[in-house]
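Notes to accompany the following structure.
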Amino acid sequence: MGFVLGAAAALLLVWLRGRLAGFGAQASGDYAGGPALDIRSALNGPLLCEGVIYGPTGRAKSRFVGEFDAQWQGATCRMAEVFRYEGGAVDRRDWVLQLGNDGAISATAPDVLGRGVGRQQGSAVVLRYKIRLPQDAGGHVLSVTDWMYATPGGSIVNRSQFRKWGVLVAELVATIRKAPVEVQA
Numbered sequence: 415m416g417f418v419l420g421a422a423a424a425l426l427l428v429w430l431r432g433r434l435a436g437f438g439a440q441a442s443g444d445y446a447g448g449p450a451l452d453i454r455s456a457l458n459g460p461l462l463c464e465g466v467i468y469g470p471t472g473r474a475k476s477r478f479v480g481e482f483d484a485q486w487q488g489a490t491c492r493m494a495e496v497f498r499y500e501g502g503a504v505d506r507r508d509w510v511l512q513l514g515n516d517g518a519i520s521a522t523a524p525d526v527l528g529r530g531v532g533r534q535q536g537s538a539v540v541l542r543y544k545i546r547l548p549q550d551a552g553g554h555v556l557s558v559t560d561w562m563y564a565t566p567g568g569s570i571v572n573r574s575q576f577r578k579w580g581v582l583v584a585e586l587v588a589t590i591r592k593a594p595v596e597v598q599a
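The following block contains the structure:
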């Protein structure tokens, strides 16, 4: 009986740590005082994204380069993403982002279930949504929390966690920046 109570207490402490002091405990208001991140200017035009995907044990599982094209018309953005993974796989996603006057964000994409919701405040943006993986990756539905943080040089650091039934299954860390302008000879 003592072992069961001890195990239950340990699980409760792990759960509380994640809720109160971990990645999931962040709130957009935590970043209200930092340098402003305006997604209409930061996520606009051709963008380059480079990142790493970590498995549930924290080991790097995949690396990728993404090319994005984001175009704003008023408060609506259409962003086409192409990801090229080190193993040769290619993924595409087409987002539609809607930015409210109060900083609220809604987002849709073909593999997103329903509508993602988020907020832009201060130096950060958060977006939460459910995504269905491709059939060749199991077709699982994962809960995603994306945090994007402004950097002094104008790049964005993106950290995302992917969970199934509340259990962390993957984490992504990436940078997003304006794509370099190619010099024409």
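To convert, take the position in the sequence shown, counting from 1, and add 414; that gives my numbering.
For each residue, glycine too, the CB sits at the ideal point set by N, CA and C.
A quick note: this is a predicted structure, and the numbers were derived from the prediction, not measured.
Cβ-based neighbour list, residue i, same chain, cut-off 6 Å, excluding 5 preceding and 5 following
| i | result |
| --- | --- |
| R498 | V479, V504 |
| P470 | L582, V583 |
| R573 | W561, V587 |
| E481 | V496 |
| T490 | Q512 |
Reduced DSSP category for residue i - H, G, I as helix; E, B as strand; rest coil
| i | result |
| --- | --- |
| S537 | coil |
| R477 | strand |
| A494 | strand |
| D550 | helix |
| D505 | strand |
| V583 | strand |
| L462 | strand |
| V597 | Reliability of the predicted coordinates at V597 is poor, the pLDDT of 43 falling under 50, and no value is obtained from them. |
| S574 | strand |
| T471 | coil |
| A523 | coil |
| A588 | strand |
Inter-residue CB distance, residue i and residue j (contact presumed, cutoff 8 Å)
| i | j | result |
| --- | --- | --- |
| Q534 | L451 | 7 Å |
| T522 | V510 | 5 Å |
| E500 | R477 | 5 Å |
| I453 | V539 | 6 Å |
| M493 | L457 | 7 Å |
Delimiting residues of the beta strand (DSSP E) encompassing residue i
| i | result |
| --- | --- |
| A564 | 555-564 |
| A456 | Per DSSP, A456 belongs to no beta strand (DSSP E); it is in the alpha helix (DSSP H), 453-456. |
| W579 | Segment: none, W579 is in no beta strand (DSSP E) and carries neither H nor E. |
| G517 | First-last for G517: undefined, no H or E at that position. |
CB of residue i within 8 Å of CB of residue j, strictly
| i | j | result |
| --- | --- | --- |
| Y543 | V555 | no |
| T565 | E464 | no |
| R529 | S520 | yes |
| A484 | G459 | yes |
Chain-order list of residues whose beta-carbon lies under 8 Å from that of residue i (same chain, five-residue window excluded)
| i | result |
| --- | --- |
| A435 | Annotation note: pLDDT 45 at A435 (below 50); position unreliable, coordinate value reported separately. For A435, where only same-chain residues beyond five positions count, there are no Cβ hits under 8 Å. |
Sequence-distant residues of its chain with Cβ nearer than 7 Å to residue i (five each side left out)
| i | result |
| --- | --- |
| D516 | none |
| A518 | R533 |
| G580 | none |
| K475 | I467, Y468, G469 |
heavy atom of the ligand NAD below 7 Å from residue i C-beta
| i | result |
| --- | --- |
| W486 | Looking at this structure, you won't find the ligand NAD or any other ligand, since it has none at all. |
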